[in-house]
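K.L.:
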Amino acid sequence: MNNRFISVLSGLFFATLSFNISQAHAQSDNFSVQQLAQVEQIKLQALESDLAWRLVESLTTEVGPRMPGTPGDKAAVAWAVAKFKAMGFDKVWTEPATFPKWLRYSESAAIVSPAPQALHITALGNSISTPKAGIQAQVIEFQSLAELENAPDNAAKGKIVFINYRMNRNRDGNGYGPAVQARRDGAVVAAQKGAVGYVMRSVSTANHRFAHTGGSHYKAGVTKIVTTAIANADADQLHRLIALDKPVIINIKVQAKSMGEGTSYNVIAEFTGSEYPEQHVLIGGHLDSWDLGTGALDDGAGVAITMAAAKLAVSKGKPKRSIRVVLFAAEEFGLWGAKAYVKANKASLANIVAAAESDFGAGKIWAFDANVHVSVLPLVSDIAAMMKSLDVEYLAKNSARGGPDLIPFRPFNIPVFRLSQDGSDYFDYHHTADDTLDKIDPEKLRQNVAVYAVFAYMAANAKTRLIGK
4 MNNRFISVLS
14 GLFFATLSFN
24 ISQAHAQSDN
34 FSVQQLAQVE
44 QIKLQALESD
54 LAWRLVESLT
64 TEVGPRMPGT
74 PGDKAAVAWA
84 VAKFKAMGFD
94 KVWTEPATFP
104 KWLRYSESAA
114 IVSPAPQALH
124 ITALGNSIST
134 PKAGIQAQVI
144 EFQSLAELEN
154 APDNAAKGKI
164 VFINYRMNRN
174 RDGNGYGPAV
184 QARRDGAVVA
194 AQKGAVGYVM
204 RSVSTANHRF
214 AHTGGSHYKA
224 GVTKIVTTAI
234 ANADADQLHR
244 LIALDKPVII
254 NIKVQAKSMG
264 EGTSYNVIAE
274 FTGSEYPEQH
284 VLIGGHLDSW
294 DLGTGALDDG
304 AGVAITMAAA
314 KLAVSKGKPK
324 RSIRVVLFAA
334 EEFGLWGAKA
344 YVKANKASLA
354 NIVAAAESDF
364 GAGKIWAFDA
374 NVHVSVLPLV
384 SDIAAMMKSL
394 DVEYLAKNSA
404 RGGPDLIPFR
414 PFNIPVFRLS
424 QDGSDYFDYH
434 HTADDTLDKI
444 DPEKLRQNVA
454 VYAVFAYMAA
464 NAKTRLIGK
């Protein structure tokens with residue numbers, strides 16, 4: 004087949020494509036037929052690209068765990084700067100973010116009686132240490148944080164509180180909020196009831212024997228006690244032993260340390276817009292991870308998806324508005340990078356025309372929604388229409404909340420979007436040693452990149468500027 008014939012075929016293909024796009028979007032004033040044809044081409048490129056896979060493979064292999072304040076965190080910042088530059092971003096820079104530094108050294112636990120055996124346990128972030136010999140006491144079980152809160156004063160005096168709350172599984176992760184309350188506040192409430200230690204069923208939907216870590220906190224004026232989580236299988240075992248109506252004694256050993264203020268860095272890169280360079284689409288994820296796994300799902304995937312999407316979104320030329328990727332620091336310790344970003348960029352937050360964060364693993368994106376002024380909803384519908392062929396549903400609720408790192412942005416009413424991933428199995432691996440590269444499906448990863456690339460391109464190139472409520 005000669006080159007001229009190939010050229011003719013290509014011309015016919017794109018002419019037909021342009022006609023179909025023109026017919027489908029006859030009512031749109033935001034995009035030309037040529038732009039919509041470019042969107043289709045970007046989709047095809049993304050669905051055939053392994054760029055995101057190569058990025059997350061590199062991050063999880065060459066850097067690995069990236070807990071804030073560790074050498075891995077420092078290496079991740081250097082990795083991100085180097086990758087952004089190698090990918091040809093117009094600008095690459097870092098901004099500092101401080102956070103309360105905490106390190107885990109060792110952890111173990113065991114049932115002492117009535118049936119001696121090991122427990123698979125992990126310290127929750129910010130936990131204090133136990134004495135070297137551990138703490139040993141009888142366990143008292145509660146089914147939820149609310150049940151503990153409603154218990155009589157001193158109900159747990161001298162005991163180790165065990166909360167056995169079972170998280171439900173759902174693709175939108177709606178079970179996480181209720182479950183995480185026990186992780187965040189459980190040790191405080193347990194101490195107020197007289198407990199000497201705290202252990203909870205992992206915030207997890209898994210049946211594997213890995214304990215799930217995560218952030219926790221203490222309260223001024225309340226005694227600090229060790230705060231931990233055990234694997235779901237071990238929580239079931241503990242529950243069965245307690246049900247035998249014999250005192251169950253466990254021993255918990257944790258060595259960890261709070262080390263004052265630490266510093267990490269948000270890593271930021273941008274493709275600069277040709278017409279409105281100060282206006283920008285903001286996408287990204289968080290660069291840090293917990294120390295137990297290699298942070299592939301949380302949030303290496305989000306880092307790779309948004310880096311690759313930005314690169315593909317400019318493959319047809321400079322965008323009208325800038326496309327900025329922000330890799331936030333110290334998210335796992337309390338959104339410290341996001342808070343620092345908002346503080347450092349407060350004067351220019353009004354220039355954000357669209358913001359979305361990928362921080363829910365690498366499952367297929369199944370839904371799209373916005374939180375914008377009603378006047379720009381026709382543009383949102385245009386973007387959603389171009390995602391339909393990627394099997395993405397437009398929810399049209401106009402109530403998207405965005406990812407965790409966008410929480411500090413909320414007071415500024417920026418246009419926020421949610422590109423909802425299927426998280427049915429996300430909490431099987433979240434915050435565990437099992438959060439590794441093999442859990443990422445390359446095909447689903449490519450679909451994520453395609454959706455984010457469509458979003459970034461269209462938000463950056465629309466005639467209408469997206470605005471918040």
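In the working numbering, the protein residues as written are 4 to 472.
Yeah, the Cβ is synthetic: ideal placement off N, Cα and C, and Gly gets one too.
#1: Quick one: is Pro117 buried, meaning 16 or more other Cβ sit within 10 Å of its Cβ, or exposed?
#2: Enumerate, from N- to C-terminal direction, the unbroken beta strand (DSSP E) stretches of 3 or more residues contained entirely within the segment 376–460.
#3: If I follow the unbroken alpha helix (DSSP H) through Asp239, where does it start and stop?
#4: Between which residues of its own chain and Leu62 is the CB-CB distance below 6 Å, once the five residues before and five after are set aside?
#5: Whole angstroms is fine: what's the gap from Ala313's alpha carbon to Lys222's?
#6: Can you check which of these residues, Phe458, Ala353 and Leu393, is closest to Gly471 by C-alpha distance?
#7: Can you tell me where the beta strand (DSSP E) with Ile45 in it begins and where it stops?
#8: Asp248: buried (16+ other C-beta within 10 angstroms of its C-beta) or exposed?
#9: Between which two residues does the beta strand (DSSP E) carrying Gln146 extend?
#10: Does the count of Cβ pairs from the segment 357–369 and the segment 406–426 closer than 8 Å reach three?
#11: If Val452 sits next to Ile308, beta carbons under 8 Å apart, how far is it from one beta carbon to the other, in whole angstroms?
#12: Please return the same chain residues whose Cβ sits closer than 8 Å to the Cβ of Pro119, not counting the five positions on each side in sequence.
#13: Could I get the ranges of all uninterrupted beta strand (DSSP E) runs contained in the segment 274–298, with 3 residues as the minimum, in chain order?
#14: Assuming His283 contacts Ile326 under a Cβ cut-off of 8 Å, what Cβ separation, rounded to an integer in Å, is found between them?
#15: Which same chain residues, not among the five before or five after Asn269, have their C-beta less than 7 Å away from its C-beta?
#16: Given a threshold of 16 other Cβ atoms within 10 Å of its Cβ, counted over all protein chains shown, does Ala79 qualify as buried or as exposed?
#17: Can you list, in chain order, the residues of its chain with a C-beta nearer than 8 Å to that of Lys104? Leave out the 5 residues immediately preceding and following it.
#18: For the beta strand (DSSP E) that contains Pro117, what are its first and last residues?
#19: Could you confirm whether any beta carbon from chain C is found closer than 8 Å to the beta carbon of Asp431?
#20: Taking the alpha-carbon positions, what's the Arg107 to Glu446 distance?
#21: Do the segment 368–377 and the segment 401–419 make contact, defined as three or more Cβ pairs closer than 8 Å?
P.N.:
On the basis of the coordinates in this document:
#1: On the sequence shown, residue 117 is found 114 positions in, with the first residue counted as 1. With fewer than 16 other Cβ atoms within 10 Å, it is exposed.
#2: 419–424
#3: Counted from its first residue, the sequence shown places residue 239 at position 236. Note, Asp239: alpha helix (DSSP H), Asn235 to Ile245.
#4: In the sequence shown, counting from the first residue as 1, residue 62 sits at position 59. Around Leu62: Gly303.
#5: For this step, residue 313 is matched to residue 310 along the sequence shown. For this step, residue 222 is matched to residue 219 along the sequence shown. Computed Cα separation, rounded: 41 Å.
#6: Here residue 471 refers to the residue found at position 468 when the sequence shown is read from its first residue. Per the Cα distances, Ala353.
#7: Position 42 of the sequence shown, counted from the first residue, corresponds to residue 45. Unbroken run through Ile45 is the alpha helix (DSSP H), Val36 to Glu51; no beta strand (DSSP E).
#8: By 1-based counting over the sequence shown, the position of residue 248 is 245. Its Cβ having fewer than 16 others within 10 Å, Asp248 is exposed.
#9: Position 143 of the sequence shown, counted from the start, is the residue given in the question as residue 146. Taken as a continuous stretch (DSSP letters only), Gln146 belongs to no beta strand (DSSP E), as it is neither H nor E.
#10: yes
#11: To locate residue 452, count along the sequence shown from 1; it is residue 449. To locate residue 308, count along the sequence shown from 1; it is residue 305. With 8 Å as the limit, Val452 and Ile308 qualify as a contact, their Cβ atoms being about 5 Å apart.
#12: By 1-based counting over the sequence shown, the position of residue 119 is 116. Cβ neighbours of Pro119 beyond the five flanking positions: Ala113.
#13: 279–289
#14: For the purposes of this step, residue 283 is taken as residue 280 along the sequence shown, with counting starting at 1. For the purposes of this step, residue 326 is taken as residue 323 along the sequence shown, with counting starting at 1. At roughly 7 Å, the Cβ-Cβ gap stays under 8 Å, so His283 and Ile326 are in contact.
#15: In the sequence shown, counting from the first residue as 1, residue 269 sits at position 266. For Asn269, where only same-chain residues beyond five positions count, the Cβ hits under 7 Å are Thr97, Glu98, Ala100, Val329, Leu330, Phe331, Ala332, Gly340, Ala343 and Tyr344.
#16: One-based indexing of the sequence shown puts residue 79 at position 76. Buried.
#17: Taking the first residue of the sequence shown as 1, we reach residue 104 at position 101. Only Pro71, Gly72, Ser261, Met262, Gly263, Glu264 and Gly265 meet the Cβ criterion.
#18: Looking up residue 117 in the sequence shown gives position 114. Here Pro117 belongs to no beta strand (DSSP E), and DSSP marks it neither H nor E.
#19: The question asks about chain C, but that chain is absent: this structure has only one protein chain.
#20: Taking the sequence shown and counting its residues from 1, the one referred to as residue 107 is at position 104. Taking the sequence shown and counting its residues from 1, the one referred to as residue 446 is at position 443. Taking the straight line from one Cα to the other gives about 35 Å.
#21: yes
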